[in-house]
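Residue numbers (our numbering), protein chains in the order written: chain G, 1 to 253; chain A, 1001 to 1470.
Don't be surprised by glycine CBs; every beta carbon is placed ideally from N, CA and C.
Values in this document were obtained by computation on a predicted structure and should not be read as measured data.
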Ligand SMILES: Nc1ncnc2c1ncn2[C@@H]1O[C@H](COP(=O)(O)OP(=O)(O)OP(=O)(O)O)[C@@H](O)[C@H]1O
Ligand SMILES: [Mg+2]
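Okay, here's the thing in structure tokens:
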């Protein structure tokens, strides 16, 4: 679509991390989960964070999401330095600016899909009538309109992740942060989810940061790959496969 | 989050772990119930006691006497008081002055005298006292046979049961109080009594009592230099009532066994003991009283009225001090009962804290999710508060109902017992509306207080940690 990330390579950075550190103190030893990471993500870009287990991918993502605070360094998202925000402001930032999906879906088991999707709108104090129609619309978009009143336990993994996507997008965030969203899914269902994420990136111009350890998946969907090891950034390169895919899709239109 | 959403989420969360939350709510109800039960017992007993005491007419009455009378007995004590010449006489003008004081319902002279009453031509010597019509509402005449005076001037008497026995020639049974007043009254009601009494009559200024044809005065009365004469008179009365009243009791005029209407008694101008002493100072024809009974609107005003009358230079007496210590006793009783009731609520308090802390542990992940999708610390805190508050309100309502039911059962049981002991039933259990409102509100506030710590803990939960593990 018009404002797809790769069509505006020089747009302002959506995310700017500078010497970002997150250290955990475990008694005498200090675990450097994130250790001086500097990176930039442009608005509308689709970036993948790659690295082996324990390399600090989730830690970086949580810092960008405002779920955690850096030990040192800064994360600036759309000109807001997250390190300087109060807890209250950080909650608002998560509510308005960020949508998250997780490997383990993280739907609330006691609530139906509709209620789960609606929950962020309750925190945003959107009135009930509007909430109902927006939740229905969002679930329809991910193909779950017939499962609205089911609880998560009654759904397959792929369906749950689709519902989680619907919830992540319900407040129209600028950032979609996905932590191994396909980790618990078979490859076919995983592809389905990844295609949806790409659609959101392209159609809504949403900036996407995808955490994964599957290089092939990252290359297929992301425009840029960032590599982490032991909390440090060890590589930042454009995706070779992505261009081709984008190109072929573009040619199809 | 908006309040309706908050309430809805709280209720649905409570329903999720129904058993645990129901048990906690029952705990609160039991606490509230015991609090309500204890307090309503205290309130009920107090109401019962004050109903009884108020009805006795003792606690809103001030007895006024002249200091001149007392001086004869307590010369030393009164030495610092006003000189005999300054102290005032308790006369009709004073009575009216007192009656017009604020918060005073009525002030009536205490008229009593010993005289002879003839019944079927046999003389009986006894104390006679006058009663205002307001006396019939006191409990002294609760078990009155026949009726009270038809008017304040009717030539009617109410007699006391021992006098009735005397008239009928029965010897009063000592020991058990089993006199059947109804049986005593039956032959006497409507019968006639003739009272012979000495009337005090103002003499014409110039006339000498010696020349008075009806004069019956003794020589020492004459020597007092009075400008009045004493005339012997007779009056017929109809017996309209027989009172089941202990003549030695504080209730009703002490020791009198025959009662007359007040206005009538006043009009008789019966010679009274004070007449002898005050006569030299009594201005003109004004009646002088040995004591005046003052009825005050309520026990709360007794002190003020007493003080005001003392300032006028009279002695006063009331049983207020006794009532004050009774009130104090009930305050202490209420506090103790309240403490016992609150103990149960304290246990419920710990129950709420426990339940909510358990809920936090159980719902760690859920809290993490809510924070990840944008819930603020305040949202999480309010949600836990709402859950605690909902349990509190529900527990409070159920508890009040339970406490009320317990009270009814105890009331019923006690009344069955009282009936068996042939006492009249009593309503000593009272759950006033303010107590219902107070109990529910108190339960709500206690539950919120119990939610304080868990809610704070839930709000501070680190979402990253909460979401980290399955
Ligand atoms: N709360 C914590 N306390 C101590 N160490 C932590 C904590 N959270 C993360 N770590 C450590 O920080 C490092 C980075 O963890 P992180 O979860 O970011 O890795 P990851 O790249 O997401 O790994 P995975 O692919 O397995 O999810 C790990 O060594 C982890 O043990
Ligand atoms: Mg991870």
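Problem set entry | Contact set between the segment 188–212 of chain G and chain A, restricted to residues whose Cβ is under 7 angstroms from the partner | Going along the segment 188–212 of chain G in chain order, one finds no residue with a Cβ nearer than 7 angstroms to chain A.
For this session: Taking 8 angstroms as the cut-off, decide whether the C-beta atoms of residue 14(G) and residue 207(G) are in contact.
Result: Inclusion of residue 14(G) and residue 207(G) in the CB contact set at 8 angstroms is warranted, their separation being smaller than that value.
Problem set entry | Listed by chain order, chain G residues near residue 1369(A) by CB distance under 7 angstroms | Neighbours of residue 1369(A) on chain G, chain order: 106, 108.
For this session: Give the DSSP bridge partners of residue 208(G), in chain order.
Result: Note: residue 208(G) sits in a beta bridge opposite 46(G), 176(G).
Exercise. When we look at the beta-carbon of residue 1084(A) and count the other beta-carbons within 10 Å, is it buried (16 or more) or exposed?
Worked result: Legend: pLDDT at residue 1084(A) = 49, less than 50; position of this residue unreliable, value from coordinates given subsequently. Exposed, because fewer than 16 other Cβ atoms sit within 10 Å of the Cβ of residue 1084(A).
Exercise. When the cut-off is 8 angstroms and only beta carbons count, does residue 20(G) lie next to chain A?
Worked result: By this cut-off, residue 20(G) is not an interface position.
For this session: Please go through the same chain and pick out, in chain order, the residues whose beta-carbon is closer than 6 angstroms to the beta-carbon of residue 99(G), but skip the five residues on each side of it.
Result: Excluding residues within five positions, the ones whose Cβ falls inside 6 angstroms are 168, 169, 173, 176.
For this session: Would you mind reading off the limits of the alpha helix (DSSP H) that contains residue 73(G)?
Result: Counting along the chain, residue 73(G) falls outside any alpha helix (DSSP H), though it belongs to the beta strand (DSSP E) covering 72–77.
Exercise. Closer than 7 angstroms: is that where the CB of residue 57(G) sits relative to any heavy atom of ligand 2?
Worked result: Yes, ligand 2 has a heavy atom inside 7 angstroms of this Cβ.
Exercise. Counting Cβ pairs closer than 8 angstroms, one from the segment 1108–1116 of chain A and one from the segment 1185–1201 of chain A, do we hit at least three?
Worked result: Contact between the segment 1108–1116 of chain A and the segment 1185–1201 of chain A is present, because at least three Cβ pairs lie under 8 angstroms.
For this session: Consider the Cβ of residue 1467(A): report whether some Cβ of chain G lies at a distance smaller than 8 angstroms.
Result: Closer than 8 angstroms: yes.
Exercise. In three-state terms, what does DSSP make of residue 1281(A)?
Worked result: Unreliable placement is indicated for residue 1281(A), whose pLDDT of 48 sits below 50; the coordinate value is still reported in the next sentence. In this structure, residue 1281(A) counts as coil in the three-state DSSP scheme.
For this session: Kindly indicate which three-state DSSP category residue 1261(A) falls into: helix, strand or coil?
Result: The three-state secondary structure of residue 1261(A), taken from DSSP, is strand.
For this session: Identify whether residue 1034(A) lies in helix, strand or coil by the three-state DSSP scheme.
Result: Here residue 1034(A) sits in helix by DSSP.
Exercise. If we call anything under 8 angstroms between Cβ atoms a contact, is residue 1403(A) one with residue 1446(A)?
Worked result: Judged by beta-carbon spacing, residue 1446(A) lies beyond the 8 angstroms limit of residue 1403(A), meaning their Cβ atoms are not closer than that value.
For this session: State the CB to CB distance for the pair residue 1439(A) and residue 1036(A), rounded to an integer number of angstroms; the pair is presumed to be in contact (CB under 8 angstroms).
Result: Cβ-Cβ separation between residue 1439(A) and residue 1036(A): approximately 5 angstroms, consistent with a contact (criterion under 8 angstroms).
For this session: Would you mind sorting residue 1429(A) into buried or exposed? The rule is 16 or more other CB atoms within 10 Å of its CB.
Result: By the neighbour-count definition (other C-beta atoms within 10 Å, threshold 16), residue 1429(A) is a buried residue.
Problem set entry | Within chain G, the residues that residue 1011(A) reaches when beta carbons sit closer than 8 angstroms | Ordered by position in chain G, no residue passes the 8 angstroms Cβ test against residue 1011(A), which lies about 12 angstroms from the chain.
For this session: With distances taken Cα to Cα, identify the nearest neighbour of residue 165(G) among 105(G), 50(G), 202(G), 122(G).
Result: Closest in alpha carbon position to residue 165(G), among 105(G), 50(G), 202(G), 122(G), is 105(G).
Exercise. For residue 1182(A), is the classification buried or exposed, using 16 other Cβ atoms within 10 angstroms of its Cβ as the cut-off for buried?
Worked result: Exposed, by the Cβ-count rule.
For this session: For residue 149(G), return the contacting residues in chain A, with the cut-off set at a CB-CB distance below 8 angstroms.
Result: Scanning chain A for C-beta atoms nearer than 8 angstroms to the C-beta of residue 149(G) yields nothing, as the closest lies near 14 angstroms away.
Problem set entry | Residues of the segment 216–244 of chain G with Cβ closer than 7 angstroms to any Cβ of chain A, in chain order | Here the close residues number zero.
Exercise. Taking C-alpha atoms, which residue in 1165(A), 1142(A), 1364(A) lies nearest to residue 1462(A)?
Worked result: Of all alpha-carbon atoms in 1165(A), 1142(A), 1364(A), the one lying nearest the alpha-carbon of residue 1462(A) is that of 1364(A).
Problem set entry | Proximal residues of chain A, C-beta to C-beta of residue 184(G) below 9 angstroms | Under the 9 angstroms cutoff, chain A gives no residues; its nearest Cβ is about 11 angstroms from residue 184(G).
Exercise. Roughly how many angstroms separate the alpha carbons of residue 1380(A) and residue 152(G), rounded to a whole number?
Worked result: Approximately 22 angstroms between the Cα atoms of the pair.
Exercise. For the segment 118–194 of chain G, which segments carrying the alpha helix (DSSP H) assignment without a break, of at least 4 residues, lie completely within its bounds, in sequence order?
Worked result: Segments of the alpha helix (DSSP H) lying fully in the segment 118–194 of chain G: 128–141, 157–169.
For this session: Using the Cα positions of residue 41(G) and residue 180(G), report the straight-line distance between them to the nearest angstrom.
Result: Distance from the CA atom of residue 41(G) to the CA atom of residue 180(G), rounded to whole angstroms, is 19 angstroms.
Exercise. Is residue 1331(A) helix, strand or coil by DSSP?
Worked result: Three-state result, residue 1331(A): helix.
Exercise. DSSP on residue 31(G), reduced to helix/strand/coil?
Worked result: Looking at residue 31(G) - three-state DSSP - the assignment turns out to be strand.
For this session: Find the residues of chain A that neighbour residue 172(G), judging by a C-beta separation of less than 7 angstroms, and give them in chain order.
Result: For the C-beta of residue 172(G), not a single chain A residue is nearer than 7 angstroms; the gap to the nearest is close to 12 angstroms.
Problem set entry | Cβ of residue 88(G) within 8 angstroms of any chain A Cβ | Yes, residue 88(G) lies at the interface with chain A (some Cβ there is under 8 angstroms from its Cβ).
For this session: Output, in sequence order along the chain, the residues in the segment 62–83 of chain G whose CB is closer than 8 angstroms to any CB in chain A.
Result: Shown in chain order are the members of the segment 62–83 of chain G whose Cβ falls below 8 angstroms from a Cβ of chain A: 62, 65, 67, 68.
Problem set entry | Other residues of its chain near residue 1308(A): CB distance less than 8 angstroms, five sequence neighbours each side excluded | Spatial neighbours of residue 1308(A) in its own chain (CB-CB distance under 8 angstroms, excluding positions within 5 residues in sequence) are listed in chain order as 1101.
Exercise. Over what stretch of residues does the alpha helix (DSSP H) that includes residue 1122(A) continue unbroken?
Worked result: Not the alpha helix (DSSP H): residue 1122(A) falls in the beta strand (DSSP E), residues 1122–1131.
Exercise. Using a Cβ-Cβ distance under 8 angstroms, would residue 32(G) count as near chain A?
Worked result: Output row for residue 32(G): interface = no.
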